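Those protein sequence lines, which keep their order, are chains H and W. Going by the working numbering, the residue at position 170 of the first sequence is 302; the numbering climbs one at a time, nothing skipped. Going by the working numbering, the residue at position 159 of the second sequence is 149; the numbering climbs one at a time, nothing skipped. The structure appears right after this line, and notes come after that.
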Amino acid sequence: MNQTKLLRTYSMGIALVLIWLFFTVATDNFLSARNLSILSIEMAVTATLALGMLLVLLPGQIDLSVGSGVGLIGGIAAVLIFNHHWNAFAAMGAGLAVALVIWGLMGTLIIQYRVPAFIITLGGLLVFKGLFWKVIDSETVPVVAGAGDNALSLLTTHYLTPAQGFLLLAVIAFFVIRASVRQRSQRAKYGFELESSSTAILKIFVALQALLLIILVMNQFRGIPLSVVVLGIVAFSVYIITMHTRFGRYLYAVGGNKEAAILSGVPVKKVIIGAYVMLGGIVALTGFMQTAYSGASTTTIGNLMELDAIAACVIGGTSLAGGRGNVLGVLIGALIMATLLNGMTLMAVAPETKFIARGTVLALAVWLDVYLSQKAD
Amino acid sequence: MKQKVLQVSALTKRFPGVLALDDVSFDLEEGEVHALCGENGAGKSTLIKCLSGVWPVDTYEGDIWVNTRRAQFKHIKDAESAGIGVIYQELALVREMTVAENVYLGNEPTNRLGKIDWPKVYADTQSLLEKYNLDLDPTSLVADLGIGQQQLVEIVKALLKNTSILLLDEPTAALTESEVDILLDIIRDLKNNGVTCVYISHKLDEVMQIADRVTVFRDGASIATSHIGNIAKAEIIRQMVGRNIDELFPRRSSSPAKPLLSVTNLTVFDPLENNNCLEGISFTIKAGEVLGFGGLMGAGRTELVMHLFGAFGNRVSGEVICSGKSMHNSAPIDAINAGMMLVSEDRKRYGLVLEKDIGFNQSLASLARFSQHGLLDHHAETLANKKLFKSLRIKAPNVESIVGGLSGGNQQKVVLAKALMTQPSLVFLDEPTRGIDVGAKLEVYELINQLTEQGKAVILVSSEMPELLGMSDRIIVLSDGKIGGEFVSAQATQEQLLQAAMSHG
Ligand SMILES: Nc1ncnc2c1ncn2[C@@H]1O[C@H](COP(=O)(O)OP(=O)(O)OP(=O)(O)O)[C@@H](O)[C@H]1O
Ligand SMILES: [Mg+2]
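Take a look at the structure:
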């Protein structure tokens, strides 16, 4: 029984390894530095959006409009830059502001006026798509006016130098070790279960080795992509928000039992609107990254991204009913989704087959999780 | 010697870190009512779950024999086909369906094309109801029935499946006294029809009334089985807790000081029922006082405390002043900030996040206290959690145990801990001892004493009159949303309270 539990905890990690093995064997260059660099950028975009989705799934809500939102906000920034010659920072600021307002409004409609999130955001999906096409006039709008780069285009084209990469690793290592030592001493003090210090050291060691490996591989191509650093910052922030703030606790409480949360004095409305506003910010960020990755805003940007985001969350163990889910799971889920797409592209799989494969993997993953959790009880 | 319809030998069931059943042996004689008593977490519900196939055969050690055949239940269905039916404390009915639809849910008789034979469903339900003298209409919606009547529907549903052994796990925890009487009558009827019953209850008076034999559990082990004629209530209690208990209601009154909460002429509209559920309510409660609220089910007691806490109804008129502040249009968070806290009667629905751990639940209403610069101070939070966990003597491996896995009484203690952690000056306790054992009840009473000695006030809503009389300083009886009478506990009797409860309506 304990083995089943272990298997369940690591099932998606194992699935990820298997998928990677498969593509390594099935393609020539899946593990090439160049492809892994591309994969990391693609994953960064998917994972960033999925982390935002996590924030609304935890309190038991959902958002189907994020894909259209990604297109719209990216489109607004591109139009401001290309057609109106705005500074890229200002354009992104404007896009961000629009996103925050829109998502704040949707959150308000959902919790204040009690229209189900599914409906509001389904409406949003259509409305934002229409607005998006109007904004870019259904044409292709480049993200840079003229030649050269700007802050927006650099999001997916800038790379850290090797030295910067190693410095980053050193900083991360320092903080991870310090946090772990602190946490262990606290748990020991309260008499909680402690894993043996050798396992703990081994875990940190393996994690840092993995990080080092990633940096070494990335440095073989162009260095750590800026978008991966962006993802790192988003993931760290969402981790802190969910695990170390009152707001995060409330997200889980509202998703676990809304009525009990209300009677415990949890400001449920503020929490839900807050979650949507944060998601809005992340949608904007993803919009900039995805548009930059394509080099221009076109009508297909953001297509079906909401489903990738939800799939990543669910594969990562997030419950659609709310109350369950965490950052690490979502990252693994996003990596699985991104890997599938990347690997199948390398194999030159037809688009129709890609859809079928991704859908099947999603269903299989959730079935496996349910199956293992039933066996574990 | 009567025939044994069920025998359990050397049953042992473990959960991670908990030995829930420890080498339990136990048997049932045909047609008897066999009561199980024991403190919270003693293992009563776990035994029921083993007998009913909730825990499959390979998850415990030991043997279960039904009518001399070795039972190896893998699913609930297996137990059902062996004639074992269960009534759980939590009702499992579909509120939007009729009585008959619920009774036949999952067992609908169909013709060859799969069309449900509705006339048969209703006719058979009717005859089943008549057989057991149940006063229910097969066509009424379950949502329109009281809790007691819903309980009856559950029983009929269980009987439909040719049940010869009926396991009842705290069936009366949510019932009023008159509903309890009806239920006990039904159990007697069942007995006459040859059904054998296992009856779990923390209310020993009921046990003494209905049971033929009683088995006491302590810490997972069956301590003793006795014929009810050969054992006194005090002895059962002694077996349960392992020591003598002198006083069941140890109220130490403290001298009430300044008024904490005053309510004048309060009328509250219930938007769901579309009527006024409370009318012209006025009272004051002073610091250091326990004010009891009595009345029948539906008299408006829960509505009153929920409204005062900002969680129910629209105020039509009246004024509520708490510690000098007028409370209007408040939400629970305002009430908590004003020093009030509510322990709801329905802990699963309003009290707990079941899938989270004890610590998460205990500190949920007090997180503001543990936040610094927007970040949670896990250190201080855990300290506070552990302190309450210890002082309330919650039975679980540690504060990281999931609340859903705790026994009913320990879940109740977690809800109480959450309330205490907000350091309230006025606590609403709505049926605080529902489903908890004698020892834990005493601890709750002790807690009430401590609160009032610290100059805090308690509003105690209870359907158990001895508790109301024993633990309150004053009692207000509600009757159909109005005040039916006000008493000083020391001078009141159960008859007076009952009369007041029926004075309106
Ligand atoms: N699913 C579970 N997972 C882990 N522990 C459990 C689970 N179910 C019960 N336990 C533990 O087993 C013990 C016995 O619990 P059980 O529910 O049988 O007690 P009980 O006698 O019915 O108590 P109560 O009177 O409070 O209902 C308790 O310590 C409880 O915490
Ligand atoms: Mg129980």
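Glycine included, each C-beta is placed from N, C-alpha and C at the ideal position. Here the structure is a predicted model, which is why all the values come from computation and not from measurement.
Secondary structure at W:Gln79: coil, using DSSP grouped into helix, strand and coil. The DSSP-derived three-state label of H:Thr471 is helix. For the region 393 to 454 of chain H, the continuous alpha helix (DSSP H) assignments of 4+ residues that do not extend past its boundaries occur at 400 to 426, 437 to 447, in sequence order. Collapsing the DSSP output to three states places W:Ile54 in a strand. Separation of W:Ala407 and W:Asp336 (C-alpha to C-alpha, rounded to the nearest whole angstrom) is 15 Å. For W:His24, the enclosing beta strand (DSSP E) covers residues 23 to 28. Remark: fewer than three beta-carbon pairs, one from each stretch, lie closer than 8 Å, so the region 348 to 360 of chain H and the region 323 to 341 of chain W are not flagged as touching. If only uninterrupted alpha helix (DSSP H) runs of at least 4 residues are considered, those enclosed by the region 183 to 217 of chain H are 198 to 214. According to DSSP, H:Ala305 shares a beta bridge with no other residue. Against W:Ser334, the close residues of chain H are Leu395, in the order they occur along the chain (beta-carbon pairs closer than 7 Å). The three-state secondary structure of H:Ile356, taken from DSSP, is coil. Residues close to ligand 1 by the beta carbon criterion (under 5 Å to any non-hydrogen atom) are, from first to last along the chain, W:Phe5, W:Val8, W:Ala10, W:Asn30, W:Gly31, W:Ala32, W:Gly33, W:Lys34, W:Ser35, W:Thr36, W:Gly395, W:Leu396, W:Ser397, W:Gly398, W:Gly399. Relative to ligand 2, the nearest heavy atom lies less than 8 Å away from the CB of W:Gln79. At a Cβ-Cβ threshold of 9 Å, H:Gly419 and H:Gly225 do not count as neighbours. Remark: the C-beta of W:Glu160 is in contact range of ligand 2, defined as less than 8 Å to any heavy atom.
Between W:Arg339 and H:Glu438 the beta-carbon gap is near 32 Å, outside 8 Å, which marks them as no contact. Leaving aside the five residues that flank W:Asp107 on each side, the residues in its chain whose CB is nearer than 7 Å to its CB run, in chain order, Pro99, Thr100, Asn101.
The criterion of a C-beta distance shorter than 9 Å is satisfied by W:Gly429 and W:Val231.
W:Pro246 sits buried, since 16 or more C-beta atoms from the chains shown fall within 10 Å of its C-beta. For W:Pro322, the nearest beta carbon of chain H is closer than 9 Å to its own beta carbon.
With a minimum length of 3 residues, the unbroken runs of beta strand (DSSP E) contained wholly in the region 142 to 227 of chain W fall at 155 to 159, 186 to 190, 203 to 208, 211 to 217.
W:Lys147 sits close to W:Val93, with the two beta carbons spaced by under 9 Å. Three or more Cβ pairs drawn from the region 234 to 249 of chain H and the region 403 to 421 of chain H lie within less than 8 Å of each other, which places the two stretches in contact.
Within 10 angstroms of the beta-carbon of H:Lys266 lie fewer than 16 other beta-carbons, which makes it exposed.
Remark: the shortest separation between the CB of W:Ile190 and any heavy atom of ligand 2 falls under 8 Å. Distances from the alpha-carbon of H:Gly199 to those of H:Thr431, H:Gly380, H:Ala480 put H:Thr431 closest. At a cut-off of 9 Å between beta-carbon atoms, H:Ile372 makes contact with chain W.
Residues of chain W with a Cβ closer than 7 Å to the Cβ of H:Gln352 do not exist; the shortest Cβ-Cβ separation is about 38 Å.
With fewer than 16 neighbouring CB atoms inside 10 Å of its own CB, H:Arg314 falls in the exposed class. The beta carbon of W:Ile384 sits closer than 6 Å to those of Asn400, Lys403, all from its chain and outside the five residues before and after it, given in chain order. Positions of the alpha helix (DSSP H) runs, each at least 4 residues long and wholly inside the region 340 to 397 of chain W, are given as 348 to 353, 368 to 381 in order along the chain.
Here H:Tyr291 carries a strand assignment [DSSP, helix/strand/coil]. Shown here, W:Phe273 sits in a strand according to DSSP, grouped into three states.
Within the model, the alpha-carbon separation for W:Ser316 versus H:Pro191 is close to 33 Å. Within the region 307 to 341 of chain H, those residues whose Cβ lies closer than 7 Å to any Cβ of chain W are, in chain order, Gln318, Tyr322, Phe324.
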